[in-house]
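**Q** Let me begin by handing over the structure; questions about it come next.
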Amino acid sequence: MTVKPMADRVLVLPEAAEEKTSTGLFIPDTAKEKPVKGEVVAVGNGTKDEEMVLKVGDKVLYGKYAGTELEADGTKYLIMRQSDVLAVVE
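Counting from 701, one number per residue, gives the positions in the sequence shown under this note's numbering.
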């Protein structure tokens with residue numbers, strides 16, 4: 701299945717949550733932090749008021765509760781507005 705965001709939305713593949721602490725202890729699912737970093741895998745065309753400045757492959761930071769979760773082909777993604785992205789990591 702191919703997902704093509706509309707207007708000013710982007711599709712982000714979140715980084716995996718930490719599985720272990722630095723001391724080697726496993727972190728249970730209920731205690732894992734939600735990822736706030738990911739990679740843009742698809743972008744919309746922007747709107748007449750907001751040009752699309754993000755591109756596929758950008759590593760981005762976003763708010764902990766930003767976007768809407770979506771699952772396609774067994775992979776979990778977030779779809780969010782470009783304005784929900786806080787920064788591009790270089």
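Ideal Cβ positions, reconstructed from N, Cα and C, are used throughout, including at glycine.
GLY738 to ASN745, Cα distance in whole Å?
**A** The straight-line gap from Cα to Cα measures roughly 20 Å.
**Q** Could you give the residue range of the beta strand (DSSP E) that holds TYR777?
**A** 775 to 781
**Q** Whether or not the stretch 702 to 717 and the stretch 774 to 783 are in contact is what I'm after, with contact meaning three or more pairs of Cβ atoms, one per stretch, closer than 8 Å; do they touch?
**A** The way I'd put it, the stretch 774 to 783 does touch the stretch 702 to 717; three or more beta-carbon pairs between them come closer than 8 Å.
**Q** Based on the DSSP output, what are the partners of GLY738 in its beta bridges?
**A** Per the DSSP secondary-structure output, GLY738 pairs in a beta bridge with PRO714, VAL760.
**Q** With distance defined between alpha-carbon atoms, name the residue in ALA742, TYR765, GLY767, GLU790 nearest to LYS755.
**A** Of the candidates ALA742, TYR765, GLY767, GLU790, the one whose C-alpha sits nearest the C-alpha of LYS755 is ALA742.
**Q** Out of curiosity, what's the CA-to-CA distance linking PRO735 and MET701?
**A** 24 Å
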